[in-house]
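Notes follow the structure.
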Amino acid sequence: MSSRNPFRMLVRWADWFELRGVYVPGEDNRAIDPWRDFGWLIVAWLAGLAVFILFLALAV
Numbered sequence: 000m001s002s003r004n005p006f007r008m009l010v011r012w013a014d015w016f017e018l019r020g021v022y023v024p025g026e027d028n029r030a031i032d033p034w035r036d037f038g039w040l041i042v043a044w045l046a047g048l049a050v051f052i053l054f055l056a057l058a059v
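Encoded structure:
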């Protein structure tokens, strides 16, 4: 049985966002795509939300 590393899963998920493209400063001729431009931020926010929910579930 393989053990799952949550940090490896988060990094793989964030890398998936980056593979779709990363914002390049000075490239202002296109619309902002939140999945492409803020992938790491979205992953960090979702991970923080999951930890917060887990904390509340264990506290009750």
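Heads up, the sequence shown is in my numbering, so the first residue is 0 and it goes up one at a time. Even glycine gets a Cβ: it sits at the ideal position worked out from N, Cα and C.
Through-space distance from residue j to residue i, alpha-carbon basis
i, j, result
"P30", "M8", "Reading off the sequence, residue 30 comes out as Ala, not Pro. Straight-line Cα distance between these residues: approximately 29 angstroms."
"D14", "I52", "24 angstroms"
"V50", "L57", "10 angstroms"
"N4", "D32", "29 angstroms"
"G38", "F16", "5 angstroms"
"A43", "F54", "16 angstroms"
heavy atom of the ligand NAP below 7 angstroms from residue i C-beta
i, result
"V50", "With respect to the ligand NAP, the structure offers nothing, as it holds no ligand at all."
Residue span of the alpha helix (DSSP H) that contains residue i, given as start and end
i, result
"D36", "33–36"
Buried/exposed call for residue i, threshold 16 Cβ in 10 Å
i, result
"V59", "exposed"
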